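Single-structure report; data block below.
Protein chains: 2
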Amino acid sequence: MEIAIDSTNTQKFTKASDFTPAELASKSIVDLLEKTQIQKDEIDGLIVSSSSNDLYLGNIVSEMIGIRPKFSTKVENLCNSGTSGIMLAYSLIKSELCNAVLVTGAEKQDSQGNKLTWDTSRGQYDMPIHWASLYAQNHFRKYGTTEEDLAIVSLKNHASANKNKNALFYDKQFTYSSIINSKMMVEPLKKFDCCYPCEGSSSILLLSEAKAKRTEVPVWIRGISQNNQGASFGSISNDLDSIISTRIAAREAFEQSKLTPKHIDIVEIHDAFTILELLAYEDLGFVEKGQGRKIIKENTLYTNVRGGLLGCGHPIGATGIDQTNEIVLQLQGRAGLRQKEGCKHGLVHNMAAAGTSTTVIILEK
Amino acid sequence: MEIAIDSTNTQKFTKASDFTPAELASKSIVDLLEKTQIQKDEIDGLIVSSSSNDLYLGNIVSEMIGIRPKFSTKVENLCNSGTSGIMLAYSLIKSELCNAVLVTGAEKQDSQGNKLTWDTSRGQYDMPIHWASLYAQNHFRKYGTTEEDLAIVSLKNHASANKNKNALFYDKQFTYSSIINSKMMVEPLKKFDCCYPCEGSSSILLLSEAKAKRTEVPVWIRGISQNNQGASFGSISNDLDSIISTRIAAREAFEQSKLTPKHIDIVEIHDAFTILELLAYEDLGFVEKGQGRKIIKENTLYTNVRGGLLGCGHPIGATGIDQTNEIVLQLQGRAGLRQKEGCKHGLVHNMAAAGTSTTVIILEK
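Top to bottom, those sequences are chains D and V.
First residue of the first sequence? That's 1 in full-length UniProt numbering, and the numbers climb one at a time after it.
First residue of the second sequence? That's 1 in full-length UniProt numbering, and the numbers climb one at a time after it.
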């Protein structure tokens, strides 16, 4: 059985509000349900993706939106929570336990997920930027990537966010000069090489093949794979050239889909830091190792059109869902100002903690 | 494809220790892996069930035990977390995303899951005992159940725990008199009508049909279903006769399994409070409504042989897994002192928060 995505919703990403994670999720779902042919009482699964401490969110959100599903739970897999939830929704439908599963991500800005306190292999360096800077230094030294290359990634994604009203940095001006001259954080990464933790919610509805027949523009999941390489930088730092989890997840998702990187028209990349976007192009197979910057210079692929994490902000549990939503909207021809023409295949790349975990999803119109 | 359970492990439930949830889970998994034919590098999924605030537990535990799985995440569904994790593991294998998935539950005694703070329909009565007492009062009034009936449930389960070295109340003496005369908490429920929050960990390994062929005594999942009726007592209190989520989940699990209550030899019931054990017998279909006490008086079914939540204690995220483990051990003939002869079919009943959520699993030797 094939699994489809029908509808999506994303609420505006913000710095903070008085809403609880359950309220954020519910608002996003209510708006989604207004746009789908699927009736509320057909929803038989709900997965809430969040690093919030709030308990029983699957059932609390079910009650708030007025459904009584066959399955509900909260999942937490740090920055990779959103697509972990999508993968579980996929498996619930594929295994015929459910037919229509909502996945909703909701996060407050002050989530404890912004630190990596468990990772004692980092010593006192428990912020994600410390490992990102090591990846960047290696890439500079070995492949000649430069601070200028990274600034161009940041400029591209912030510019894209100007066409995305839900982005945290919508309607904010960034210039190449303001980026390259922004405050040095951890050499060689500057302030605008880093994504910004924020609040947000985003929802997506997955359907069985039978239910998808009733929808207007279903988008099909052709490949979905995850790989996990542990939890600490110490367990992956023997190879700073590659994000191993991304390489493996991509290989398996492409195998499932019977597609190759050449078929992909548009990608959402987990650019928590600029350097990661370049590494991901390489490890996803779009370009040879070390040449990530070519993708941007030669403009061969639509990349992070919604603005990426850099332009949209990064509400941890919601990010992977909004990344997926962007590809769905593009394939459905519903991306408004951001619409890229002629997209048939798209790819989502969502990661967590030093690249220890990656999910890759390949979608087809 | 049929899904099997191979190996199980439960660590001794205790009041408290210095171990973290990740350490508790890892210890349980390491002990499980010593007993299975499946090699560690074949494990391609790990689900950690916990209401702990600790993040990224799926990957942290993966690293601690030395696996690099295709899928890992934490799930939280309050007291129903354990079997929610098992249901997801089932779906990951059934959908052919994974072949061998570990589910591990780990909890500290001071989990925030022991209060129902979100449920404003309870006013200031935010402890689970408040809704359990309403169920009990209704059952007394309408069906003639008595405090003596409840005390017999408690005595039975505490006595069973004396044959379970992992139980919190192993080697503790309880008499009918000590139970019926224990401190009144919320009328008519007394201290020993209530389960005791504790620390614990428990793990289970689910396998694809192909992998199960290599194991000695596979136990098969013939039915697995969950139902959710919201999150608050207000959303279910129009019918104090029944736990609606249990009725629906049981009906669907029996349908899947093509079995009926008559086929079931042994059950693990979510006896967070004594009254719930009687209600569950009725709502699972073992006896007509109002007559739950018959099951115990007429001894027609092996019930809560491990000691139930009353005798074992209740480490929130681990409970549903240990319940399932008990049925697996019984069907495998590995339950030691507790072994009941001639069991071919068993049932697991795991719930959360006022019976708003229930999972039912039906297992076959």
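Don't be surprised by glycine CBs; every beta carbon is placed ideally from N, CA and C.
Everything numeric in this text was worked out from a predicted model, so none of it was measured.
Residue j beta carbon less than 9 Å from that of residue i
{"i": "Q332/V", "j": "V219/V", "result": "yes"}
{"i": "residue 366/D", "j": "K156/D", "result": "Nothing in the structure corresponds to residue 366/D, since chain D is present only between 1 and 365."}
{"i": "L206/V", "j": "I275/V", "result": "no"}
{"i": "residue 409/D", "j": "K142/D", "result": "For residue 409/D there is no data in the structure shown, the boundaries of chain D being 1 and 365."}
{"i": "S202/V", "j": "P315/V", "result": "yes"}
{"i": "H318/V", "j": "A106/V", "result": "In the sequence on display, residue 318/V carries Ala and not His. Their beta carbons are under 9 Å apart, which means A318/V touches A106/V by this criterion."}
{"i": "F71/D", "j": "L97/D", "result": "yes"}
{"i": "V101/D", "j": "G223/D", "result": "no"}
{"i": "G285/V", "j": "P261/V", "result": "yes"}
{"i": "S208/V", "j": "A4/V", "result": "yes"}
{"i": "K35/D", "j": "I65/D", "result": "no"}
{"i": "R214/D", "j": "I29/D", "result": "no"}
{"i": "F13/V", "j": "P128/V", "result": "no"}
{"i": "L279/D", "j": "Y135/D", "result": "yes"}
{"i": "residue 372/V", "j": "V103/V", "result": "Outside the shown range of chain V, which is 1 to 365, sits residue 372/V, and nothing can be said about it."}
{"i": "R247/V", "j": "D271/V", "result": "no"}
{"i": "S81/D", "j": "S62/D", "result": "no"}
{"i": "A231/V", "j": "N59/D", "result": "yes"}
{"i": "F233/V", "j": "P188/V", "result": "no"}
{"i": "I179/D", "j": "S160/D", "result": "no"}
DSSP state of residue i mapped onto helix, strand, coil
{"i": "P315/V", "result": "coil"}
{"i": "L168/V", "result": "coil"}
{"i": "V348/V", "result": "strand"}
{"i": "T175/V", "result": "coil"}
{"i": "S72/V", "result": "strand"}
{"i": "F13/V", "result": "coil"}
{"i": "F233/V", "result": "helix"}
{"i": "R306/V", "result": "coil"}
{"i": "V287/D", "result": "coil"}
{"i": "H325/D", "result": "According to the sequence shown, residue 325/D is Asn rather than His. Correct three-state label for N325/D: helix."}
{"i": "I266/V", "result": "strand"}
Where the alpha helix (DSSP H) containing residue i begins and where it ends
{"i": "I129/V", "result": "129 to 143"}
{"i": "I29/D", "result": "21 to 33"}
{"i": "residue 398/V", "result": "The requested residue 398/V is not part of the displayed model; chain V covers only 1 to 365."}
{"i": "S62/V", "result": "57 to 65"}
{"i": "V153/D", "result": "147 to 161"}
{"i": "I86/V", "result": "81 to 94"}
Start and end residues, beta strand (DSSP E) containing residue i
{"i": "N9/D", "result": "3 to 10"}
{"i": "L46/V", "result": "45 to 49"}
{"i": "residue 374/V", "result": "Outside the modelled stretch of chain V, which goes from 1 to 365, sits residue 374/V, for which no answer is possible."}
{"i": "R293/D", "result": "Element bounds for R293/D: not the beta strand (DSSP E) but the alpha helix (DSSP H), 292 to 298."}
{"i": "T104/V", "result": "100 to 107"}
{"i": "N227/V", "result": "219 to 228"}
{"i": "I362/V", "result": "357 to 364"}
{"i": "G200/V", "result": "200 to 208"}
Close beta carbons around residue i, own chain, < 7 Å, minus the five adjacent residues each side
{"i": "N228/V", "result": "S245, T356, S357"}
{"i": "H130/D", "result": "R122, V186"}
{"i": "D171/D", "result": "N162"}
{"i": "E2/D", "result": "E209, W220"}
{"i": "S33/V", "result": "Reading off the sequence shown, one finds Leu at residue 33/V, where the question assumed Ser. Only K40 meet the Cβ criterion."}
Beta-carbon proximity list for residue i, same chain, < 8 Å, skipping 5 on both sides
{"i": "K15/D", "result": "Q109, L168, C198, E199"}
{"i": "A249/D", "result": "S225, Q226, N227, T358, T359, V360"}
{"i": "A335/V", "result": "V305, E326, L329"}
Contacts around residue i, its chain only, beta-carbon distance under 6 Å, and the 5 residues preceding and following it disregarded
{"i": "K294/D", "result": "V287"}
{"i": "L347/D", "result": "I264, V267, I362"}
{"i": "S84/D", "result": "V75, N77"}
{"i": "T10/D", "result": "N166, S202, D322, N325"}
Query - chain D contacts from the UniProt domain "Thiolase C-terminal" (243 to 365) of chain V (Cβ-Cβ distance under 8 Å) - result: E252, A352, A353, T356, S357
Requested in this report: Please name the residues in the segment 56 to 78 of chain V whose beta-carbon is closer than 9 Å to at least one beta-carbon of chain D, in chain order.
Outcome: Y56, L57, G58, N59, I60, V61, S62, E63, M64, G66, I67, R68, P69, K70, F71, S72, T73, K74, V75, E76, N77, L78
**Report entry** Contact set between the segment 89 to 103 of chain D and chain V, restricted to residues whose Cβ is under 9 Å from the partner
**Finding:** Y90, S91, L92, I93, K94, S95, E96, L97, C98
Query - Contact set between the segment 215 to 234 of chain D and chain V, restricted to residues whose Cβ is under 8 Å from the partner - result: I224, S225, Q226, N227, N228, Q229, G230, A231, S232
**Report entry** Proximal residues, the segment 117 to 138 of chain D versus chain V, C-beta separation under 8 Å
**Finding:** W118
Report task. Below 7 Å between beta carbons is the criterion; list the residues of the segment 25 to 59 of chain V that meet it against any residue of chain D, in chain order. Result -> S51, N53, L55, Y56, G58, N59
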